[in-house]
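The opening residue of the sequence shown carries number 749 in the numbering used here; numbering runs sequentially from there. Where a beta carbon is used, it is the ideal one built from N, C-alpha and C, also for glycine. The structure displayed is predicted, hence computed values, not measured ones.
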Amino acid sequence: MKALAEQIGDIDGINIYGRVVGVRGLMVEVAGPIHAMSVGARLVIETGGNRSIPCEVIGFSGNNAVVMPFAGLDGVRRGCKAVIANAANQVRPCAAWLGRVVNALGEPIDGKGPLPQGPAPMPYRNSPPPAHSRKRVGAPLDLGVRAMNTFLTCCRGQRMGIFAGSGVGKSVLLSMLARNVDAAVSVIGLIGERGREVQEFLQDDLGEEGLARSVVVVATSDEPALMRRQAAYLTLAIAEYFRDEEQDVLCLMDSVTRFAMAQREIGLSAGEPPTAKGYTPTVFTELPKLLERAGPGLGEGAITAIFTVLVDGDDHNEPIADAVRGILDGHIVMQRSIAERGRYPAINILKSVSRTMPKSADPEFWPTIQKARAVMATYADMEELIRLGAYRAGSSPEVDEAIRLHEPLEAFLRQRKDENASLADGYRQLAQILGDLETER
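The following block contains the structure:
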């Protein structure tokens, strides 16, 4: 009843509206009482008939408000009424949202009926917790992926990025994490993804059991830029709700690059100057605001977040990858050459980092992890000579050791999509590989 009373209180009996005076590309200009409009305010354009188009104010031009739609502009004409919506830019999630699939506006799209509204409104664009008040990251989290558990251990409340070009397997790795990670609640944002892949992810990768403890936010690549950006904000808003309920939350977003591209479209349409790779200044302003919302909260709850980053042309130093890498607590680099030789997940261990290590690793096995990394680094340095046959066995004990261990380590890093590898088993198997070598010697 309290939630219903608050929603009734949001209803305003007076309609304040302007009129559409122009359309430029993705933008609509609205004349009228712009003193009643602010950046971020919601408007609804009434096109006649039964169609209404929700919009958001993104700026002002002279005496007109510049708005951008959450849907297509079909049917919009000069003189259409643009009503200022009283609804605030917020959402009311609750535990009943688990198992549901919603769009960027928090509306159900899974055909399971209406969504109940929670008691507390959560802003779409919330501020991160104060740095001096939020807690530190927690204990190591079992990710179910052997390569990450051992060499890139992640803690509760940590934020990691998966950096990969197209077709290298980042979405498959994300689906493994969604299915295997031991978290009370998962909030998954599919931002700018292919429409046909949504059902594949829900049915094949996540499954009924995984969906039952998840909320999935979907904005496909064909949707307007404002919807794709809003879907990222909504994903974090829902995760924040469950964190504030003292839950351990896993937040997965695929991909933050599509969020940046959506913000670029919005910025260019609003007249911002393009900078590196055409990205506008607000892209690099919005990225830390979005990513910093994940992590530990003020109480016992925490958001462990894993974001995918689509690197343009396999260039891991392109602007978005470079900016995101500097914000997150670790980066997982997926390499095309590893995928091409059939080892999945195609993680390049030597180029990947978890910033919580070595503190997050088991102290008993930390020397083993260091030794394994050293062995892989030695093999990587000599790989070309080894493949050409230019290296002569016995010339270097370290290189001989790296050659003998290369295949066992590759087999260790290889993992089937449907396999769940525990944290403890990963440490033990890695120690066994290095121990077997010492026995042979």
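Give me, in chain order, the residues of the same chain whose beta-carbon lies closer than 7 Å to that of residue 710; leave out the 5 immediate sequence neighbours on both sides.
Because the chain in this structure spans residues 749 to 1189, residue 710 falls outside the shown range and cannot be described.
Find the nearest neighbour of residue 938 within the set 1005, 994, 787 and 907, judged by alpha-carbon distance.
Your numbering for residue 938 matches position 190 in the sequence shown. Nearest option by C-alpha distance: 1005.
Can we say the segment 942-953 touches the segment 903-915, given the rule of at least three CB pairs closer than 8 Å?
The segment 942-953, when compared against the segment 903-915, does not touch it at the 8 Å Cβ threshold.
Taking the alpha-carbon positions, what's the residue 856 to residue 885 distance?
If you number the sequence shown from 1, residue 856 lands on position 108. If you number the sequence shown from 1, residue 885 lands on position 137. Looking at the two C-alpha atoms, the distance is approximately 33 Å.
Any contact between the segment 866-876 and the segment 838-849? By contact I mean 3 or more CB pairs, one from each, below 8 Å.
yes
CA-CA distance, residue 1115 and residue 1163?
Counting from one through the sequence shown, the residue named residue 1115 turns up at place 367. Counting from one through the sequence shown, the residue named residue 1163 turns up at place 415. Between residue 1115 and residue 1163, the C-alpha separation is close to 23 Å.
Applying the 10 Å Cβ sphere with the 16-neighbour rule, what's the burial state of residue 1033?
On the sequence shown, residue 1033 is found 285 positions in, with the first residue counted as 1. Result: exposed.
Excluding sequence positions up to five away, which residues of its chain have a Cβ less than 8 Å from the Cβ of residue 756?
Counting from one through the sequence shown, the residue named residue 756 turns up at place 8. No answer about residue 756 holds up, because its pLDDT of 49 lies below 50 and its placement is not dependable.
Applying the 10 Å Cβ sphere with the 16-neighbour rule, what's the burial state of residue 777?
Working through the sequence shown from its first residue, we reach residue 777 at position 29. Result: buried.
Would you mind listing the alpha helix (DSSP H) stretches within the segment 977-1042 that are 4+ residues and don't spill past its ends, in chain order?
1004-1017 and 1029-1039
Skipping 5 residues on each side, what residues in its chain have a beta carbon closer than 8 Å to that of residue 942?
Translated into positions along the sequence shown, residue 942 becomes position 194. 968 and 969.
With hydrogens ignored, establish whether the beta-carbon of residue 946 is closer than 7 Å to any heavy atom of the ligand ADP.
Looking for the ligand ADP in the displayed structure turns up nothing, as the structure carries no ligands at all.
Among residues of its own chain, excluding the 5 on either side of residue 1053, which ones have a beta-carbon nearer than 6 Å to its beta-carbon?
Taking the first residue of the sequence shown as 1, we reach residue 1053 at position 305. If we look at residue 1053 and ignore the five residues flanking it on each side, its Cβ neighbours are 907, 999 and 1042.
Using DSSP bridges, identify the partner residues of residue 812.
Indexing the sequence shown from 1 puts residue 812 at position 64. The partner list for residue 812 (beta bridge, DSSP) reads 809.
Can you find at least 3 beta carbon pairs, one from the segment 842-853 and one from the segment 782-797, that sit closer than 8 Å?
no
Per DSSP, residue 772 is paired with what?
For this step, residue 772 is matched to residue 24 along the sequence shown. DSSP, once it has assigned bridges, lists 775 as partnering residue 772.
Is DSSP giving residue 866 helix, strand or coil here?
Against the sequence shown, residue 866 aligns to sequence position 118. Here residue 866 sits in coil by DSSP.
Alpha carbon to alpha carbon, what distance is there between residue 1076 and residue 962?
For the purposes of this step, residue 962 is taken as the residue at position 214 of the sequence shown. For the purposes of this step, residue 1076 is taken as the residue at position 328 of the sequence shown. Separation of residue 962 and residue 1076 (C-alpha to C-alpha, rounded to the nearest whole angstrom) is 23 Å.
Quick check on the DSSP output: the alpha helix (DSSP H) that includes residue 941 runs from which residue to which?
Working through the sequence shown from its first residue, we reach residue 941 at position 193. Here residue 941 belongs to no alpha helix (DSSP H); instead the beta strand (DSSP E) covers 933-941.
Take the Cβ of residue 811 as the centre, count every other Cβ of all protein chains shown within 10 Å, and call the residue buried at 16 or more, exposed below.
The sequence position of residue 811 within the sequence shown is 63, counting from 1. Under this definition residue 811 is an exposed residue.
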